[in-house]
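All remarks here apply to the structure that follows.
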Amino acid sequence: GFMIVLVDFIVQFDDGSIGLFDTKGGRTAETSDAGPRAEGLQKYIKEQNKKGKKLRGGIVINVDGSWRYN
């Protein structure tokens, strides 16, 4: 099977790379859903980068006013 991950933000950086970010907060960041989504997104990014894409990103959470991604 496969999993479709719909990201919240797509960002193009100055170096031409593309960021794929999915926000999570509070309980949704701690649920069992967040782990598989993060793993699926990282797998997709890795596979696409092997094909020559320049992707980065992950799950984004707010920790004490600071945004962080895995």
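In my numbering, each number is its position in the sequence shown, counted from 1, plus 25.
All C-beta atoms in this analysis are idealised placements derived from N, C-alpha and C, irrespective of residue type, glycine included.
Since this is a predicted model, take the numbers as computed values, not measurements.
Taking the beta carbon of residue i as the centre, do at least 16 other beta carbons fall within 10 Å, making it buried, or is it exposed?
i: Gly83; result: buried
Looking only at its own chain, which residues have a Cβ that is under 7 Å from the Cβ of residue i, when we skip the five neighbours before and after it?
i: Leu45; result: Val32, Ile35, Leu66, Ile70, Leu80, Gly82
Hey, out of the options, whose CA is closest to residue i's CA?
i: Gln73; options: Gln37, Phe38, Ile43, Asp89; result: Ile43
i: Gly50; options: Asn95, Asn87, Tyr94; result: Asn87
i: Ala63; options: Asp47, Asp40, Asp39, Phe38; result: Asp47
i: Gln37; options: Lys78, Pro61, Ala59, Lys68; result: Lys78
i: Ala59; options: Ser91, Val85, Gly90; result: Val85
With DSSP run on the structure shown, which of helix, strand or coil describes residue i?
i: Gly60; result: helix
i: Asn95; result: coil
i: Gly50; result: coil
i: Leu66; result: helix
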